[in-house]
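Participant: The structure's right below; bear with me while I get my questions together.
Residue numbers (UniProt numbering): 1 to 187.
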């Protein structure tokens with residue numbers, strides 16, 4: 001019975017992986033895993049190419065890197081990759097998320113819209129406390145992506161400030177999110 005549950009769990013995760021990877025050559029386990037690793041390498045190569053292109057742009061051009069250029073909601077950062085994939089792609093040169101300081105970036109967009117990127121170490125109840133904190137601030141989350149591979153990452157692509165006349169400043173949003181994640185007094 002336990003073996004059957006283990007196999008079902010493994011197959012379910014394999015189906016999820018297969019649905020995320022765009023190019024699957026065969027339907028067996030080894031091919032799916034190999035294609036997933038190849039796809040991750042391809043994505044990381046694209047990221048490196050874009051970073052190199054960004055760094056090589058002349059200072060006077062319109063594509064000048066700014067402080068907000070570090071906000072990459074969909075970019076898989078090395079700390080959020082699974083351990084075995086990290087070993088294949090970046091052998092031994094990555095820190096574990098426990099050694100990294102938490103990171104929260106808040107950007108106010110047009111109108112009352114807000115973009116939030118948060119990365120910190122994973123702990124039980126973190127998503128719930130984070131969503132409660134956003135709700136208590138009067139932010140209505142309309143679109144978010146949450147990942148918990150090796151750390152906790154939350155990208156809120158669109159949140160609206162729903163309390164009239166009470167716009168919450170980005171610094172306060174950042175402080176409340178850090179506090180809800182258990183990092184009291186960090187800004």
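Beta carbons: idealized from backbone N, C-alpha and C, even for Gly. Only a predicted model underlies this, so the values are computations on that prediction, with no experimental measurement involved.
What beta strand (DSSP E) runs, 3 residues minimum, are completely inside the stretch 118-174?
Facilitator: Qualifying beta strand (DSSP E) stretches, in chain order: 139-147, 152-161.
Participant: Excluding five sequence neighbours on each side, which residues of the same chain lie with their C-beta closer than 8 Å to the C-beta of residue 17?
Facilitator: Around residue 17: 32, 33, 36.
Participant: Would you mind sorting residue 135 into buried or exposed? The rule is 16 or more other CB atoms within 10 Å of its CB.
Facilitator: Exposed: under 16 other Cβ atoms inside 10 Å.
Participant: What number of angstroms, rounded off, separates the C-alpha of residue 171 from the C-alpha of residue 13?
Facilitator: Going from the Cα of residue 171 to the Cα of residue 13 covers about 38 Å.
Participant: Is residue 2 helix, strand or coil when you go by DSSP?
Facilitator: It is helical.
Participant: What are the boundary residues of the beta strand (DSSP E) that includes residue 107?
Facilitator: Its beta strand (DSSP E) spans residues 103-108.
Participant: Taking 8 Å as the threshold (C-beta atoms), are residue 180 and residue 144 in contact?
Facilitator: No, they are not a contact pair.
Participant: From what residue to what residue does the alpha helix (DSSP H) around residue 24 run?
Facilitator: Unbroken run through residue 24: none, as it is neither H nor E.
Participant: Consider the Cβ of residue 17: report whether some Cβ of chain B lies at a distance smaller than 8 Å.
Facilitator: Although the question refers to chain B, the structure presented lacks it and comprises just one protein chain.
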